[in-house]
Amino acid sequence: IIELPEDQVVILPKAERMGNTYAALMSASKRTGSTNFPQDADGKIRRSPTAIWFEGSGNVYPSLPIAVAMDILGVSASGLDYDFSDLTLTMTDTAGKVVRKIPIDEHGRMYINYFGYFKSFYYLPFSYCMDPSMLSPEYWRDRIAIVGSSLPGLMDLKNTPVQESFAGVEVHAN
55 IIELPEDQVV
65 ILPKAERMGN
75 TYAALMSASK
85 RTGSTNFPQD
95 ADGKIRRSPT
105 AIWFEGSGNV
115 YPSLPIAVAM
125 DILGVSASGL
135 DYDFSDLTLT
145 MTDTAGKVVR
155 KIPIDEHGRM
165 YINYFGYFKS
175 FYYLPFSYCM
185 DPSMLSPEYW
195 RDRIAIVGSS
205 LPGLMDLKNT
215 PVQESFAGVE
225 VHAN
């Protein structure tokens, strides 16, 4: 949960609830983030929310990509500052140093800089993430793992500017 002033919270994209939560995986994670991302009017995903306001609980969660950036850059739950007049999200680390300024739109969304086509990132079977006999826990030191699906039958394929059928997990990785 991130801490933001009420006037910033009400501008962010809203959702009713978080879905697809796996308690064991979430409790083993350093941080989690919202996976919601609305499409543009033409059905393509060009922008990612930086945070989502969940109306039911009143909590604001960073998006998955922002949660990853917060971990890497040492940004606390109170280290995000939205400037909707300048359309900038400033990330400040725990020492008070500005570590990133991210251009945003009027709803706090950032444009996705797509790296390439589907499978531009390294994929591992999920079992490798959970079974230390398959892959040593040392493998994960200083690495980021984004867990998600990429199979067509699981219905998590997205329409993007670079490809019509793009795994949602890889949109987050981009």
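Residue numbering for the sequence shown follows my numbering, beginning at 55 and increasing consecutively. Backbone N, C-alpha and C fix where the C-beta goes; we use that ideal spot for every residue, glycine too. From a predicted model like this one, the values you see are computed outputs, not experimental measurements.
By DSSP's assignment, residue 154 forms a beta bridge with 145. Membership of residue 61 in the alpha helix (DSSP H) is indicated by the continuous run 60 to 63. In the same chain as residue 102, and ignoring 5 residues on each side of it, the C-beta atoms closer than 7 Å to its own belong to 91, 117, 119, 163, 164, 166, in chain order. A residue is called buried when at least 16 other Cβ atoms come within 10 angstroms of its Cβ; residue 178 does not meet this threshold and is exposed. The alpha helix (DSSP H) runs of length 4 or more contained entirely in the segment 178 to 224 are, from start to end of the chain, 180 to 184. For residue 138, the closest C-alpha among the options 154, 63, 96 is that of 63. Counting the other CB atoms within 10 Å of its CB gives residue 220 a total of 16 or more, which places it among the buried residues. At least 9 Å separates the beta-carbon of residue 180 from that of residue 228. Taking all protein chains shown into account, residue 206 has fewer than 16 neighbouring C-beta atoms within 10 Å of its C-beta and is therefore exposed.
In this chain, the alpha helix (DSSP H) harbouring residue 125 covers 118 to 127.
For the pair residue 140 and residue 157, the Cα-to-Cα distance works out to about 9 Å.
In the structure shown, residue 82 adopts helical secondary structure according to DSSP, grouped into three states.
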